[in-house]
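Numbering (the working numbering), first residue to last: 53 to 190.
Ideal Cβ positions, reconstructed from N, Cα and C, are used throughout, including at glycine.
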């Protein structure tokens, strides 16, 4: 297995420090009433499972970023990566969940969750780009 860069580990820590607080605050504090009204979430979320998911995502996405080759500025590279991840994760978290659960109105779900994924992953991408600098160039 190839040696992982110091940036790999920094990206993992940054991801956890960004994503878990944003997800927790977004879903359980700021928009709690909206999500409660939908009646699709547990009354008492299992926070350790959410944290475990965040750790798994941090490792996978940091490794993916480590293996990519970029040609633009670190911020632009990171934002492009973030947009890619937002589309990937959001396609499930917004569209597929909207299709599976009885969510009304669906357009409001798309707006709330779409904004969540876009905001979260553009921020993650920008931070990944800053952490990695120009180390991932071809």
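Could you tell me the boundaries of the alpha helix (DSSP H) in which residue i lies?
{"i": "residue 168", "result": "158-184"}
{"i": "residue 154", "result": "First-last for residue 154: undefined, no H or E at that position."}
{"i": "residue 61", "result": "58-77"}
On the three-state DSSP scale, how would you describe residue i?
{"i": "residue 93", "result": "coil"}
{"i": "residue 88", "result": "helix"}
{"i": "residue 99", "result": "helix"}
{"i": "residue 144", "result": "helix"}
{"i": "residue 55", "result": "coil"}
{"i": "residue 133", "result": "helix"}
Using CA atoms only, rank isn't needed, just tell me which of the options is closest to residue i.
{"i": "residue 143", "options": "124, 163, 127", "result": "163"}
{"i": "residue 55", "options": "150, 129, 115", "result": "115"}
{"i": "residue 79", "options": "182, 121, 167", "result": "167"}
{"i": "residue 75", "options": "93, 169, 184", "result": "169"}
{"i": "residue 83", "options": "184, 165, 185", "result": "165"}
{"i": "residue 64", "options": "73, 112, 93", "result": "112"}
{"i": "residue 103", "options": "130, 69, 172, 87", "result": "69"}
{"i": "residue 125", "options": "58, 62, 60, 180", "result": "180"}
{"i": "residue 87", "options": "122, 161, 123", "result": "161"}
{"i": "residue 171", "options": "131, 118, 94", "result": "131"}
{"i": "residue 100", "options": "133, 182, 129, 72", "result": "72"}
{"i": "residue 77", "options": "60, 151, 61, 97", "result": "97"}
Could you check whether the region 100-111 touches the region 144-157, counting it as contact only if at least three pairs of C-beta atoms, one from each stretch, sit closer than 8 Å? Cβ pair count under 8 Å is below three, so no.
For the region 170-177 against the region 134-149, do three or more pairs of beta-carbon atoms, one drawn from each stretch, fall closer than 8 Å, so that the two count as touching? Segments in contact, yes.
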